[in-house]
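The block underneath contains the structure these notes are about, expressed in structure tokens.
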Amino acid sequence: DGYIPYPRIEEVLQQGEPYPQVILPPFGGYWIEDPDAPAAIPSWENGFCDEENGEESISGQFGYRLESNYAIRAYRKHFLGREHLNFYCTASNHGNLVLSLRHEEVKEQEYLQIILSCTDEEHIICLTFIFVCLFFLFVFLQGSQLIVNYDEHELNNTFKFGVIYQKFGQTSEVELFGNSEETPAFTEFLRMLGDCVELQDFKGFRGGLDVSHGQTGSQSVYTVFRGQELMFHISTKLPYTEGDIQQVQRKRHIGNDIVAAVFQEEATPFVPDMIASNFLHAYILVQVENPGTDDTTYKVSVTAREDVPQFGPPLPSPPIFKKGPEFREFLLTKLINAELACYRSSRFAKLEERTRTELLDNLHNELHKRTQAMLGHPLSADEERMENGGHGGILESIKVLSQKDQPSYSHAACQNSELSFQCLCVCLSGRCAVLCDQRSLDSGHLSQEVRSETLSNPSSPEILSNERLIF
1 DGYIPYPRIE EVLQQGEPYP QVILPPFGGY WIEDPDAPAA IPSWENGFCD
51 EENGEESISG QFGYRLESNY AIRAYRKHFL GREHLNFYCT ASNHGNLVLS
101 LRHEEVKEQE YLQIILSCTD EEHIICLTFI FVCLFFLFVF LQGSQLIVNY
151 DEHELNNTFK FGVIYQKFGQ TSEVELFGNS EETPAFTEFL RMLGDCVELQ
201 DFKGFRGGLD VSHGQTGSQS VYTVFRGQEL MFHISTKLPY TEGDIQQVQR
251 KRHIGNDIVA AVFQEEATPF VPDMIASNFL HAYILVQVEN PGTDDTTYKV
301 SVTAREDVPQ FGPPLPSPPI FKKGPEFREF LLTKLINAEL ACYRSSRFAK
351 LEERTRTELL DNLHNELHKR TQAMLGHPLS ADEERMENGG HGGILESIKV
401 LSQKDQPSYS HAACQNSELS FQCLCVCLSG RCAVLCDQRS LDSGHLSQEV
451 RSETLSNPSS PEILSNERLI F
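What follows is the structure, encoded as structure tokens:
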């Protein structure tokens, strides 16, 4: 009640020049980036898991930064191959958990790094909660790779983006997808994005395009940018179907992209709900000025759905770029960061949460199964033979060695191997607690071989992005 809608695009056109590059839909639902506003820092770039400054993988030649949830790589970077301990917890009130502990001393200051994998939405779990739960140590060499696979499941180095040509005064998707000609200015823009490639038998990332039968056109634009493969769905290069007003072939690809660039050869308004799509969440508008000359410039605007967080690199003020490699780096970086930010919107975040929960349960179950087999507690006789080659696991081997070295040792004391396993966990987890108090612990009953296998076993989970918490 009392809400005053934003002007419709037809009303904006009737008002005459100057035209805004992008306008909001009548009832909102989108934001437009303000070049004069302070740059926002993505929340996932905070924490000890940030990458070092100055790495080429982050900032390119002109300093434009590829944003990433660096927590995804935190286990690989800070734990893998270093002495640490890994545990799993079954059916806590936060679900299945995987915990990693690592002690480090830097300049005579001791630190205890903790990484916790969970599906808790609040990202807050009290430290006391961690230690009252029953965590089990897992002790097999392949565990680290399982954790790395879980942590890095959302890493991606392939992206597909839509590229839409908009003529002056076009106000609907029917008009946008009906454009078939490529003007010299648009062709020059496409050459800046990447290479024009023949789709037939194309060997790179194809982005869903047909490379065998030519059903999605004969050419497209592709590039490799800072280790990322980018395929562009160009509206004018996708097949045009006579008699099809909606041009379903074109919309089927661009409408399933998450981010699209809109090229405007003249000043004309664009409204982000012009294209009906459940997937398109962000648009980058590029308006050319003085095309085909040495003074060619590009004016840029950015709009995205309300639940998409801000992403960089920030627009300069005024948001105008000269034609050249710096603008290319800015635009491609902005496109990639836009898609990564869209994954944090409610629609994609819910899908990721379900995926993450299922993968964490699978990781927990695999760690439990292999640990039990290693310790002489296979789930079945078949699993025992499959996992351990028919022997009784590491605890059974310890029992045999103990009986040989100590004939008077009571076999009854080790008969309950589950109790022995719990004692092993208490011993090793106690070592972690002592490390935090700047003391050391004798490894006790464990042989040096078992101790090195356990402590240097790089099997631990990740951080923040996969709901892994660092304390």
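The sequence shown lines up with residues 1 to 471 when you count with full-length UniProt numbering. Yeah, the Cβ is synthetic: ideal placement off N, Cα and C, and Gly gets one too.
Beta-bridge partners of E105, as assigned by DSSP | E110
DSSP bridge partner residues for V98 (one or two, in chain order) = Y88 and S117
What are the residues that DSSP puts in a beta bridge with C196?
-> V221
With 16 other CB atoms within 10 Å as the buried threshold, where does A37 fall?
-> exposed
According to DSSP, residues forming a beta bridge with L230 = F159 and T223
Could you tell me which residues DSSP pairs with Y30 in its beta bridges?
-> R305
Helix, strand or coil at L359 according to DSSP, with G and I counted as helix | helix
Taking A338 as part of the alpha helix (DSSP H), name the residues at either end of that continuous run.
-> P325 to C342
Please name the residue, chosen from V302, A304, V248 and F189, that lies closest to V288 on a Cα-to-Cα basis.
-> F189
For the alpha helix (DSSP H) that contains K322, what are its first and last residues?
-> No alpha helix (DSSP H) contains K322, which is instead part of the beta strand (DSSP E) from I320 to K322.
Option in R356, I258 and G29 with minimal Cα separation from G162 = I258
With DSSP as the reference, label E181 as helix, strand or coil.
-> coil
Buried or exposed: where does N96 fall if 16 or more other Cβ atoms within 10 Å of its Cβ makes it buried?
-> buried
Can you check DSSP and say which residues form a bridge with E289?
-> T297
DSSP three-state call for Y283: helix, strand or coil?
-> strand
Please confirm if the segment 248 to 267 is in contact with the segment 355 to 362, defined as three or more CB-CB distances below 8 angstroms between the two stretches.
-> no
How many whole angstroms separate the CB atoms of V286 and A304, which I take to be in contact at a CB cut-off of 8 angstroms?
-> At roughly 15 angstroms, the Cβ-Cβ gap does not stay under 8 angstroms, so V286 and A304 are not in contact.
Three or more beta-carbon pairs under 8 angstroms between the segment 162 to 172 and the segment 81 to 90, yes or no?
-> no
Between the C-alpha atoms of I4 and S172, what's the straight-line distance to the nearest angstrom?
-> 23 angstroms
Can you have a look at R73 and say buried or exposed, based on whether 16 or more other CB atoms are within 10 angstroms of its CB?
-> buried
For Q249, the three-state DSSP class (helix, strand or coil) | helix
Reduced DSSP secondary structure (H/G/I, E/B, other) of I72 | helix
Closest Cα partner of P239 within the set F225, R206, Q219 and G227 = Q219
Does the Cβ of S317 have 16 or more other Cβ atoms within 10 Å, making it buried, or fewer, making it exposed?
-> exposed
Beta-carbon spacing of F62, I336 below 8 angstroms = no
Rounded separation between P25 and Y283 - CA only = 14 angstroms
Residue environment, H103, which counts as buried when at least 16 other CB atoms sit within 10 Å | buried
Would you list the one or two residues that DSSP bridges to V22?
-> F270
In terms of residues, what are the limits of the beta strand (DSSP E) holding F264?
-> Going by the sequence as given, residue 264 is Gln instead of Phe. Note, Q264: beta strand (DSSP E), V259 to Q264.
How is Q215 classed by DSSP in three states: helix, strand or coil?
-> strand
Between which two residues does the beta strand (DSSP E) harbouring L137 extend?
-> F135 to L137
Do E229 and F205 have their C-beta atoms closer together than 8 angstroms?
-> yes
Kindly give me the distance between the Cβ atoms of V308 and S277, rounded to whole angstroms, as I take these residues to be in contact under 8 angstroms.
-> Not really, about 14 angstroms apart at Cβ, beyond 8 angstroms.
Apart from the five residues just before and just after E152, which ones in its own chain have a Cβ nearer than 8 angstroms to its Cβ?
-> I72, R73, R76 and E462
In three-state terms, what does DSSP make of R65?
-> strand
Does the separation of the CB atoms of R65 and P313 fall below 8 angstroms?
-> yes
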